[in-house]
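Residue numbers (the working numbering), protein chains in the order written: chain W, 1 to 318; chain H, 1 to 496.
Structure record follows, encoded as structure tokens.
What follows is the structure in structure tokens.
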């Protein structure tokens, strides 16, 4: 049972990350989904919740190169992608690769950079390559961008362009911890930062093998149709200005496969699709002004669609 | 107001629909009457709308039941006697009582031969029954559906009997086509009424437009067929000829202004032997050539067949939908669009493959296998069990919602079951999920165990409390996951 390997590895990863992040098991599992799909993650929540800690804990749990970029308004594209500089000793132009050439890139406070700088990640995120001075370089695999952003602060921030938002497989929200969890956090961080002692539990090579396994998880034809129907329903929903893209449909299928594998199944069930629909789709929808004024969020629309769309199940006998 | 209008149309359509099979029955029986003393069926049939209107009037008056029965009985007796008198004993005067004795004499011979008096009595009885039924039950989907089922059976029996006995009655095919067409219209109207009650959607408007177009074309066709004859065509052609002659005269008048060319001597034309051309047949524009008529005839037959097939398909699919609704007591469950079509096509495909497999076993056997290999016997059995479970749940008042996954539905039913039954329910759901979404049964539990679970489960009764349905299928999944994690944690501890 090869698929059990995915489950076991995910459990190892989860246990490791839980040494730092307390009480957010589902979010950690969704991070594992992103790793297994090689999809990028946008962690969107208020300050001080543990976004960066989560990203760093996941990155440290993985072997491979990890780089962090602190996005600021004066950050330039070449600061991310890299630059050719003139080496006076050799009298030649030499490449100084940017922090994007890593396995895990943490883009902290991504919405603080200017749109020009943000856009330099588009090629990296979709094609897994970077172009510097007309020369295209392949990025190391697996390649994953974990970005964080703060939805509250608007001053000095630049909203992410739609093209970039669509490139994030998942958008995660951590939320406040419960009372007991918060107490556990206090105790856990009493002596020192547990992040410092975190070991890697999964190698990049192993992760790539698991990614291949996840792609072999069976998605039955009617479940595929169900995914497509969700996608189409978002496009025709009256409260939505821009529905799901085919990339999002593909992402939902991939994420469902990974989720099924994490549960130890080698086939996808509609529950997997429902479970992943909000994290995969909600950030890609653009709702219209009226829905917005009514206080309807994109998550509500996705849930409404899921509550009305027929699930592929047996019909009762007549 | 619109609903009333639709309702009245539906009454008319149902009445005409029933008239088709009643008419066919009466016409067939009329052909069997002894001594050529046949009735005029139109007069007999007129009893039907009269009875219908009479009963609607009685219903609106809200009289007591026995009074209505008495009036109906009286009307039946009078109507039948009047019909017999006007149709069969017209030579006697109304006040002459001797026709009654003649009627009695003829009735006594009923056992020797089928007398028209008996037909009149049977026909009047039938028409009274149907008229009373329609007026009291109203024109609803149930009435239209029942009329269709009953009428179709009667029509088939009549056609079969007429084939066996060699008795042909006029307009048999026309009545069948009209019956199918009217049933289609009736069903359309039922749907339209329902949809109007719920929401005036675009699909309803499309259906109405379609129905209107079909009705318009048929009416125009009937009008054209009844009015256009050879004289009318001749008149039209004469008018066209007159207009053409006027045009020719105008052209000739204009040409008269041109100078005439002088006479010139031309060499004699060479004599070329010309092949003999058979004299062309006179072309009569109002009589179509035989091949075209043949093709048109075939087209009409084909169109009629298509109409019958569409009517049968639509009506049966609607009946199936209604049955599904009835089974689940009107609860909102999955509408299963195209299920009937899929089932029908699936059955047809299986039949075709079976036949081809018998004819060409060496070539098509593998294709048949490919069609059926997707579903092994175990998978089919488990899906069948789950279908039964869904029906069981629906009958108990807890139908599966359209958007519920098997695990969510499991969570709904678990709260309604005693603790003993929950294990069986989980076992069946687990098995179904594997069978349905994994499409094979290599890893599942033995089929007998699942059948046993179902046998035990069906003995339980679901609680019919007013408790709200919970749709947290993930709770069960979460429990399963927690159990797995606990077991894996224990394993690790043991290893440690």
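Every residue gets a Cβ at the ideal spot worked out from N, C-alpha and C, and that includes glycine.
Note that the structure is a prediction, hence the values are computed from the model and not measured.
According to DSSP, residue i sits in a beta bridge with which residue or residues?
i                      : result
residue 103 of chain W : Beta-bridge pairing links residue 103 of chain W to no other residue.
residue 68 of chain W  : W:106
residue 166 of chain W : In DSSP, residue 166 of chain W forms no bridge with anything.
residue 228 of chain W : In DSSP, residue 228 of chain W forms no bridge with anything.
residue 172 of chain W : W:43
Run the CB neighbour count on residue i, radius 10 Å, all protein chains shown included, and call it buried at 16 or more, exposed below.
i                      : result
residue 466 of chain H : For residue 466 of chain H, the predicted structure reports a pLDDT of 45, less than 50, and the residue's modelled location is therefore unreliable. A value from the coordinates is still provided. So residue 466 of chain H ends up on the exposed side.
residue 171 of chain H : exposed
residue 272 of chain W : buried
residue 64 of chain W  : buried
residue 39 of chain H  : buried
residue 11 of chain W  : buried
residue 1 of chain H   : Confidence is the limiting factor: at residue 1 of chain H the pLDDT is only 46, short of 50, which leaves the residue's position unreliable, though a coordinate-based value still follows. Under this definition residue 1 of chain H is an exposed residue.
residue 190 of chain W : exposed
residue 137 of chain H : exposed
residue 370 of chain H : In this prediction, residue 370 of chain H scores a pLDDT of 48, lower than 50, which makes its location untrustworthy; the coordinate-derived value is nonetheless stated afterwards. Classification of residue 370 of chain H: exposed, given that the 10 Å Cβ count is below 16.
residue 349 of chain H : exposed
residue 99 of chain H  : buried
residue 329 of chain H : Only weak support is given to the placement of residue 329 of chain H: the predicted model assigns it a pLDDT of 45, under 50, and the question is left unresolved by the model.
residue 221 of chain W : exposed
residue 266 of chain W : buried
residue 200 of chain H : Only weak support exists for where residue 200 of chain H lies, its pLDDT of 44 falling under 50; the value from the coordinates is given anyway. Residue 200 of chain H is exposed by the Cβ-count criterion.
residue 123 of chain H : buried
residue 108 of chain W : buried
Is residue i near residue j, with beta carbons less than 9 Å apart?
i                      : j                      : result
residue 401 of chain H : residue 409 of chain H : yes
residue 148 of chain H : residue 307 of chain H : no
residue 311 of chain W : residue 378 of chain H : no
residue 113 of chain H : residue 84 of chain H  : no
residue 139 of chain W : residue 124 of chain W : yes
residue 80 of chain W  : residue 98 of chain W  : yes
residue 176 of chain H : residue 159 of chain H : yes
residue 57 of chain W  : residue 17 of chain W  : yes
residue 223 of chain W : residue 268 of chain W : yes
residue 210 of chain W : residue 39 of chain W  : no
residue 228 of chain W : residue 257 of chain W : no
residue 34 of chain W  : residue 66 of chain W  : no
residue 44 of chain W  : residue 167 of chain W : no
residue 49 of chain W  : residue 175 of chain W : yes
residue 13 of chain W  : residue 201 of chain W : yes
residue 11 of chain H  : residue 131 of chain H : no
residue 16 of chain H  : residue 142 of chain H : no
residue 57 of chain H  : residue 45 of chain H  : no
residue 42 of chain W  : residue 283 of chain W : yes
residue 60 of chain W  : residue 169 of chain W : no
residue 450 of chain H : residue 431 of chain H : yes
Helix, strand or coil for residue i, going by three-state DSSP, please let me know.
i                      : result
residue 233 of chain W : helix
residue 302 of chain W : helix
residue 97 of chain W  : strand
residue 146 of chain W : strand
residue 135 of chain W : strand
residue 39 of chain H  : coil
residue 39 of chain W  : coil
residue 203 of chain W : coil
residue 82 of chain W  : strand
residue 201 of chain H : Since pLDDT at residue 201 of chain H reaches only 47, below the 50 mark, its modelled position is unreliable, and no value is offered.
residue 76 of chain W  : coil
residue 267 of chain W : strand
residue 306 of chain H : helix
residue 242 of chain W : strand
residue 448 of chain H : helix
residue 171 of chain H : coil
residue 118 of chain H : helix
residue 152 of chain W : coil
> What residues from the region 269 to 296 of chain W come within 8 Å of chain H, judged by C-beta to C-beta, listed N to C?
Replying inline: 269, 270, 271, 274 and 275
> Got a sec: which bits of the region 187 to 208 of chain W sit with their beta carbon under 7 Å from any beta carbon on chain H, in order along the chain?
Replying inline: none
>> For the region 102 to 132 of chain W, list every residue whose C-beta sits within 8 Å of some C-beta in chain H, in sequence order.
In response: none
>> Along the region 240 to 256 of chain W, where does the CB come closer than 8 Å to a CB of chain H? Name the residues.
In response: none
> If contact means a Cβ-Cβ distance below 9 Å, which residues of the region 80 to 100 of chain H contact chain W?
Replying inline: none
> Using Cβ-Cβ distances below 7 Å, what residues of the region 298 to 316 of chain W are close to chain H?
Replying inline: 306, 307, 308, 309, 310, 311, 313, 314, 315 and 316
> Between the region 206 to 227 of chain W and chain H, which residues of the former have CB atoms less than 8 Å from a CB of the latter, in chain order?
Replying inline: 218, 220 and 223
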